[in-house]
Amino acid sequence: MIPRRPDWRLVALWAAALGLSLVARTWTLMSDAERARFPMSWAEALTLEATSHAVVFALLPAIYWAHRRWPLMAGWRNLAVHALGSVVFCVAHVVAMVALRLALYPLIVGRAYQYGGLVDQLLYEYGKDVVTYAILSAGTIAFAQFLVRREEDKPPEPPPPPPAEPLERFAVRKKGKEILLDAGDIAWIEAAGNYAVLHVGGQTYEVRSSLTKLEGELDPRRFVRVHKSYMVNIARVREVEPWMSGDWRIRMDDGAEVSLSRRYRDRFEAVAPVKA
113 MIPRRPDWRL VALWAAALGL SLVARTWTLM SDAERARFPM SWAEALTLEA
163 TSHAVVFALL PAIYWAHRRW PLMAGWRNLA VHALGSVVFC VAHVVAMVAL
213 RLALYPLIVG RAYQYGGLVD QLLYEYGKDV VTYAILSAGT IAFAQFLVRR
263 EEDKPPEPPP PPPAEPLERF AVRKKGKEIL LDAGDIAWIE AAGNYAVLHV
313 GGQTYEVRSS LTKLEGELDP RRFVRVHKSY MVNIARVREV EPWMSGDWRI
363 RMDDGAEVSL SRRYRDRFEA VAPVKA
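Under this note's numbering, the sequence shown has 315 at position 203, and the numbering climbs by one with no breaks.
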């Protein structure tokens, strides 16, 4: 499962890769123009490529979110979602890119930007953008899995002692209101920096607490740690199936899929035995 927020190292990797691509594409564009006997200034070539790369970088969080919401390996339906996502990515890329060029060309190049119509531009760009979407998707998934594997190599934290009186209700603030949540209504809990995200009936609520602290406050017969970043309500688990590298995948009753790490499997099986 892809973490809730992108790791800064992934953002740095995206920036470095796009920076190298910008330099390479600008040089290639100028070389191609010179060979075609239509020399192009470095300012124009850089403007053309920088506007494209800047929009791609701005769209990367949306790609990250899409893979978190619809994991690519979770079935054909999600594959279809990402096929449609590549079209949305292309439309957003082209519209924003053309808008930037229309605004910047007179300032940098000294003349108006000429383009062959939005539809023609979309058809031309989609052949490239679908490849870009696939490369960015593969890189995002691979890097997220790399981070997960690095965390999995660390021994899990020992479970805290059971509380004398398990926490049964949460007071959370959302949209300026205090909301009381019953612990039994929580399907699963996710770590997010200094906060824990409670998933309740398709809604999310943040509380300022670590997952380890919550693990020590909730009823261990109902809530079990299944991953460094996740804890589930056993009563809300619908399916458990083998996944990759000895891990398992838990499907919750709200449709969410949560990783069951091999390092936390003993804790899960202590309350809900799984047969391979």
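The C-beta atom is built at its ideal place from N, Cα and C for all residues, glycine as well.
Assigned secondary structure, residue i (DSSP; H/G/I helix, E/B strand, else coil)
i    : result
R334 : coil
Q233 : helix
E351 : strand
Q257 : helix
D297 : helix
V309 : strand
V221 : coil
A384 : coil
E327 : helix
Y227 : coil
S249 : helix
S133 : helix
Residue(s) in a DSSP beta bridge with residue i
i    : result
K286 : K289
R363 : E351, E369
T316 : H311
A303 : A308
V344 : W300, V336
R281 : D294
Cutoff 6 Å; reference residue i; Cβ partners in own chain excluding five residues on either side
i    : result
V338 : V344, L372, Y376, F380
E280 : A295
L310 : I298, I301, Y317
V206 : Q233, L234, E237
S321 : A308
H165 : L130, L134
Chain-order list of residues whose beta-carbon lies under 7 Å from that of residue i (same chain, five-residue window excluded)
i    : result
A157 : T138, L141, M142
Y217 : T159, R223, A224, Y225
V221 : A155, E156, T159
P151 : A145
A162 : L134
L172 : W126, L248
A204 : L171
V193 : W182
F255 : L122, L125
G239 : none
Beta-carbon separation (whole angstroms), residue i vs residue j, contact threshold 8 Å
i    : j    : result
Y227 : V210 : 6 Å
D331 : P278 : 4 Å
V352 : V319 : Actually they are not in contact, since the Cβ atoms of V352 and V319 sit about 26 Å apart, beyond 8 Å.
S249 : L293 : That pair is no contact at about 35 Å.
I346 : V383 : 6 Å
A303 : S341 : 4 Å
R374 : M364 : Incorrect: roughly 19 Å between the Cβ atoms, too far for contact.
D366 : G313 : 7 Å
A208 : V167 : 4 Å
R361 : W355 : 4 Å
8 Å CB neighbourhood of residue i in its chain, flanking five on each side removed
i    : result
F169 : W126, A127, L130
I175 : G197, F201, Y245, L248, S249, T252
I291 : A283, V284, R285, Y317
N190 : W182, P183, L184
N306 : R320, S322
Minimum Cβ-Cβ distance from residue i to chain D less than 8 Å
i    : result
I253 : Here there is only one protein chain, and chain D is not present.
Report the residue ranges of all alpha helix (DSSP H) runs contained in full by the segment 139-219; include only those spanning at least 4 residues, in chain order. 154-181
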